[in-house]
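FYI, the UniProt record's numbering numbers position 121 of the sequence shown as 121, with every residue one higher than the one before it.
Every residue, glycine too, gets a C-beta built ideally from N, C-alpha and C.
Notes to accompany the following structure.
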Amino acid sequence: MANIVEEIKQPINEEMKLFEQKFYESMQSRVALLDKVTRFIVTTKGKQMRPMFVFLCAKLIGDVNEKTYRGASMIELIHTATLVHDDVVDESFKRRNFFSINALWKNKIAVLVGDFLLSKAVLLSTDHKDYDLLSVISRTIREMSEGELLQLEKARKLDITEDVYYEIIRQKTATLIAACCEIGALSNNADEALAKKMMQFGTYTGMAFQIKDDLFDYLSSNVIGKPVGIDIKEQKMTLPLIHTLKIASETDRKYYFNTIKRYNNDQKRVKELIAFVKSSGGLDYAITVMKDFQQKAKDILNEFPDSQVRESLHKMLDYVIERKF
Numbered sequence: 001m002a003n004i005v006e007e008i009k010q011p012i013n014e015e016m017k018l019f020e021q022k023f024y025e026s027m028q029s030r031v032a033l034l035d036k037v038t039r040f041i042v043t044t045k046g047k048q049m050r051p052m053f054v055f056l057c058a059k060l061i062g063d064v065n066e067k068t069y070r071g072a073s074m075i076e077l078i079h080t081a082t083l084v085h086d087d088v089v090d091e092s093f094k095r096r097n098f099f100s101i102n103a104l105w106k107n108k109i110a111v112l113v114g115d116f117l118l119s120k121a122v123l124l125s126t127d128h129k130d131y132d133l134l135s136v137i138s139r140t141i142r143e144m145s146e147g148e149l150l151q152l153e154k155a156r157k158l159d160i161t162e163d164v165y166y167e168i169i170r171q172k173t174a175t176l177i178a179a180c181c182e183i184g185a186l187s188n189n190a191d192e193a194l195a196k197k198m199m200q201f202g203t204y205t206g207m208a209f210q211i212k213d214d215l216f217d218y219l220s221s222n223v224i225g226k227p228v229g230i231d232i233k234e235q236k237m238t239l240p241l242i243h244t245l246k247i248a249s250e251t252d253r254k255y256y257f258n259t260i261k262r263y264n265n266d267q268k269r270v271k272e273l274i275a276f277v278k279s280s281g282g283l284d285y286a287i288t289v290m291k292d293f294q295q296k297a298k299d300i301l302n303e304f305p306d307s308q309v310r311e312s313l314h315k316m317l318d319y320v321i322e323r324k325f
């Protein structure tokens with residue numbers, strides 16, 4: 001899989017190297033503690049898929065310029081801030097096998113660091129009068145927050161329908177990938193119609209990405225370090241489960257709903273539910289929906305002339321649904 005990521009990066013290799021330096025500069029401050037934390041963030045970064053989307057989408061319609069770098073930095077600042085805040089909310093002490101910020105520096109510092117990163121993203125746009133980018137990131141932060149709160153509200157009653165699920169994952173996950181693609185286009189002064197098309201491409205990609213993440217909960221071979229059945233234990237209603245309960249008989253629905261509500265920590269009952277989802281076609285259904293979103297994204301890509309960049313974005317779309325972590 002690492003080789004695939006390197007292949008995808010091929011047309012933007014130089015840009016990604018320069019981006020790392022610019023991103024680190026965008027996080028610097030005069031406070032020694034903050035610098036220590038941000039240095040840690042840079043050394044424990046993931047695959048940087050989101051900046052890759054910004055650069056690839058910019059190159060699909062033009063060239064990478066200083067505004068593209070600023071846009072990619074804004075996205076990565078927002079993404080990092082939300083991860084830092086999420087770890088506090090989820091009381092999570094590990095991220096990508098490293099200790100999380102809140103585990104090393106406690107919650108108060110983690111929340112403040114997250115706030116600092118968000119403010120840096122806003123300042124980066126206002127300092128350079130990139131008001132079109134500011135509009136995109138402001139909308140993105142709002143939608144991500146709304147998505148998280150909608151999920152929390154629905155989790156209490158466990159009344160998530162398929163439509164509500166799509167809205168949650170669109171806001172929580174797809175909106176940030178959509179912002180990457182839109183910002184890549186806007187950094188090349190794309191008109192409104194083209195920017196919207198790239199945003200739509202990112203939305204479809206993000207939807208497929210999140211459904212793939214939700215499928216990991218049912219696969220014993222998953223290597224993302226996430227225990228099988230953890231979503232059920234946390235009473236998260238994802239697509240395989242929502243579909244299975246929708247088509248189940250009244251008796252089965254009541255029984256398994258009870259498992260999620262009252263026996264979500266009973267290993268035997270959780271295993272039984274996972275087996276039921278698989279045998280009822282819940283996974284197959286989710287895979288079909290995921291591939292449908294992937295195809296919609298590919299259809300948009302195919303409107304552009306053939307190029308190495310377009311090929312990389314096609315590979316990125318395949319990677320999104322074939323990845324093992």
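Simplified DSSP state of residue 74, which is helix, strand or coil = In this structure, residue 74 counts as helix in the three-state DSSP scheme.
Between the stretch 146-160 and the stretch 14-34, are three or more C-beta pairs nearer than 8 Å?
-> Note that the stretch 146-160 does not touch the stretch 14-34; fewer than 3 beta-carbon pairs, one per stretch, sit closer than 8 Å.
Got a sec? Which residues, its chain only, sit under 6 Å from residue 308 by beta carbon, not counting five neighbours each side?
-> Cβ within range, chain order: 11.
Say whether the stretch 110-127 touches the stretch 54-74, bearing in mind that this needs 3 or more beta-carbon pairs closer than 8 Å, one atom from each stretch.
-> yes
Can you give me the start and stop residues for the alpha helix (DSSP H) that residue 218 sits inside?
-> Careful: residue 218 lies outside any alpha helix (DSSP H) and carries neither H nor E.
Does the separation of the CB atoms of residue 152 and residue 168 fall below 7 Å?
-> no
Please classify residue 237: does DSSP put it in a helix, a strand, or coil?
-> Coil at residue 237, not helix or strand.
Leaving aside the five residues before and after residue 294 along the sequence, list all residues of the same chain whose C-beta is less than 6 Å from its C-beta, in chain order.
-> Closer than 6 Å at Cβ, skipping near neighbours: 208, 317 and 321.
Which residues bound the alpha helix (DSSP H) around residue 158?
-> No alpha helix (DSSP H) holds residue 158; DSSP gives it neither H nor E.
CB contact flag (residue 206, residue 181, <7 Å) | no
Cβ distance (whole Å) where residue 217 is taken to contact residue 286 below 8 Å = Rounded, the Cβ-Cβ distance is 10 Å, inconsistent with contact.
For residue 269, count neighbouring C-beta atoms within 10 Å of its own C-beta (all shown protein chains included) and say buried if the count is 16 or more, exposed if not.
-> Classification of residue 269: buried, given that the 10 Å Cβ count is 16 or more.
DSSP state of residue 229, grouped into three classes?
-> Note: residue 229 maps to coil in three-state DSSP.
Verify whether the separation of the beta carbon atoms of residue 273 and residue 256 is less than 7 Å.
-> yes
Residue 56 and residue 279: beta carbons closer than 7 Å?
-> no
When we look at the beta-carbon of residue 306 and count the other beta-carbons within 10 Å, is it buried (16 or more) or exposed?
-> exposed
In this structure, does DSSP put residue 30 in helix, strand or coil?
-> coil
Could you check the C-alpha separation between residue 236 and residue 189 for me, to the nearest Å?
-> For residue 236 and residue 189, the gap between their C-alpha atoms comes out near 40 Å.
Other residues of its chain near residue 260: CB distance less than 7 Å, five sequence neighbours each side excluded | 158, 232 and 235
Based on Cα-Cα distance, which residue from 128, 82 and 125 lies nearest to residue 111?
-> Nearest to residue 111 by C-alpha distance, out of 128, 82 and 125, is 82.
How would you call residue 8, buried or exposed, if buried means at least 16 neighbouring beta carbons within 10 angstroms?
-> Buried.
With 16 as the cutoff for other CB atoms within 10 Å, does residue 267 come out buried or exposed?
-> exposed
Range covered by the alpha helix (DSSP H) that runs through residue 345 = In the structure as shown, the chain starts at 1 and stops at 325, and residue 345 therefore has no counterpart that could be examined.
Pull up the distance between the alpha-carbon of residue 263 and that of residue 250, whole angstroms please.
-> 19 Å
Hey, residue 37 and residue 136 are a contact pair by Cβ (cut 8 Å); roughly how many whole angstroms apart?
-> With 8 Å as the limit, residue 37 and residue 136 do not qualify as a contact, their Cβ atoms being about 26 Å apart.
Delimiting residues of the alpha helix (DSSP H) encompassing residue 54 = First-last of the alpha helix (DSSP H) with residue 54: 49-61.
Hey, could you find the ends of the alpha helix (DSSP H) residue 128 is sitting in?
-> No alpha helix (DSSP H) contains residue 128, which DSSP labels as neither H nor E.
Where residue 222 and residue 129 are concerned, what is the direct C-alpha to C-alpha distance, given to the nearest angstrom?
-> Low local confidence applies: a pLDDT of 45 at residue 222 is under 50, so the model's placement there is unreliable, with the coordinate-based value given in what follows. Cα to Cα, residue 222 sits roughly 44 Å from residue 129.
State the CB to CB distance for the pair residue 174 and residue 200, rounded to an integer number of angstroms; the pair is presumed to be in contact (CB under 8 Å).
-> Between residue 200 and residue 174 the Cβ distance is about 10 Å, and since that is not below 8 Å, they are no contact.
Please confirm whether residue 176 and residue 140 have their CB atoms less than 7 Å apart.
-> yes
Output the distance between the C-alpha atoms of residue 34 and residue 84, rounded to the nearest integer angstrom.
-> 13 Å
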